[in-house]
Amino acid sequence: MTSLASADIRRHNLALVATRLAEVGTASRSDLADATGLARGSVTALVRQLEADGLVRETALVAAEGKGRPRTMLELSGDHLAILTLLIDADHASAVASTLGGERLTRVERRHGRPMGDPARVLDIAAEAFDAALGELGDREVADASVVVWAPVGGDPAVVLADTDLGWGTVDLVALLADRSPRFAALASAGRVRLLADTQVAALAEHAAAGRPSELVYLKSDSGIGGAVVVDGTPVDGSHHLAGALGHLPVVPGGVRCECGQHGCLVTVAGPDVLLERAGLAELARDEGLTVALDEFVRRIRAGEPAAVDAWDAGAAELARTLQIVTLTVDPAIIVVGGYLAALADDLGERLAKIQPGLEGAFLTAPQVVGSRLGRDAALLGAEQTAVARLLADPAALSPA
Ligand SMILES: [Zn+2]
């Protein structure tokens, strides 16, 4: 019993030291002792273990302030490891490999062309991108592989619940990828694969970038419209993994039928497909993809092009009203808007402030609306951050076999 307990404590303390080092980038042994509350001697022993496992290395000597010896600084290394993230959005499958410290090793991007209702074709291309990225990693071992989809995820094992951008119902994406890539299958059976919803991980990364406010609402539009609500540092998941699905708030009573089965969802009146059609950009979206078309949409709104401005006015009114409703549901400190909406955050914030002047007798005023700080890579960064946090919570499991 005693040895089990002490092994647990040691594992916990290794995680404390490694996680602290990941947070600050570099630190000396005495910095780590101060930050973790562990004794200096314990930290020295723990660092020795992490160094032996190839997870930590010494960087440089830093001259001491005042009296005392110069201090040796430490950083995470993990040169034998990589984390891999496979992103599957409405246009592309991208496989990105990084070090534990966040350095990019490779990025392989393939366009799948949005074959609606055909997961097999999308996953053929996704598996190919995944294998191509793996092929560039040399001797590095993949410690964690995250698959990020622009759709809600749930269940055990996790599956894609419904992807309206791609016309998917429930899809066991991990199994379908494993059928196509033996190396992915091996990682999945080793328990190293996780399936994640883009909005959840993007909101986490934005939450960290925004200085970790207590409540944050995230709304983004790049293919459909998605969202997430972060409370106490955690995205609210919901009883059916649908919390924060802001694109499907039914904002128009008796409106047109949405692919989700409801009527008048936000995405039916303010989704990119609808607005691009109205702005005369549907053809560009078909030919060049949504990303290119939405960039052009923003450019034309800024240039005052009438069709684009009309389309945006109609869509922005619905987006602002949705944010007004969500404001009183969550009472967030901040609303972060992502996707192409990041470029239009000030405009959305003004519209919200106009319709939400404050509640009489209450202190509530319209929350600040800010554009995504992380841009198109928010979901990637969030997936990488959660992967590193998960790995460093048990660094002993990362030691070379
Ligand atoms: Zn809907």
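Count along the sequence shown from 1, then add 419; that gives the number in my numbering. The beta-carbon is built from N, C-alpha and C at its ideal position, and this holds for glycine as well.
- The C-beta distance from ALA627 to GLN468 rounds to 28 Å, too long to meet the 8 Å contact threshold.
- Contact check for ARG526 against SER565 fails: the beta carbons are separated by 8 Å or more.
- By a beta-carbon distance limit of 8 Å, ASP510 contacts LEU709. Their separation comes to about 6 Å.
- Taking C-alpha positions only, ALA616 is separated from ALA454 by approximately 33 Å.
- The beta-carbon separation of ALA772 and VAL789, rounded to 13 Å, does not stay under the 8 Å limit for a contact.
- For the pair of segments examined, the segment 729–746 was found to touch the segment 682–702: the number of CB pairs separated by less than 8 Å reaches three.
- With a cutoff of 8 Å on beta-carbon distance, ARG490 and VAL481 are scored as near each other.
- Counting along the chain, no beta strand (DSSP E) covers ALA797; the unbroken alpha helix (DSSP H) around it starts and ends at 797–811.
- Ranking ILE774, ASP641, ALA501 by CA distance to the CA of ALA712 puts ASP641 first.
- By the Cβ test, the segment 636–655 is in contact with the segment 747–759, since at least three Cβ pairs between them sit closer than 8 Å.
- Non-local beta-carbon contacts of ALA512 in its own chain, meaning distances under 6 Å to residues more than five positions away in sequence, involve ARG529, HIS531, ILE544, ALA545, ALA548 in chain order.
- With distances taken between CA atoms, VAL572 lies nearest to GLY645 out of GLY645, PHE603, ALA624.
- The segment 682–691 makes contact with the segment 733–740: 3 or more CB pairs, one atom from each, lie closer than 8 Å.
- Using a cutoff of 7 Å, the CB of HIS659 does not count as near ligand 1, since none of the ligand's heavy atoms is closer than that.
- At the C-beta level, GLY663 and VAL648 come within 8 Å of one another.
- The alpha helix (DSSP H) runs of length 4 or more contained entirely in the segment 568–599 are, from start to end of the chain, 592–599.
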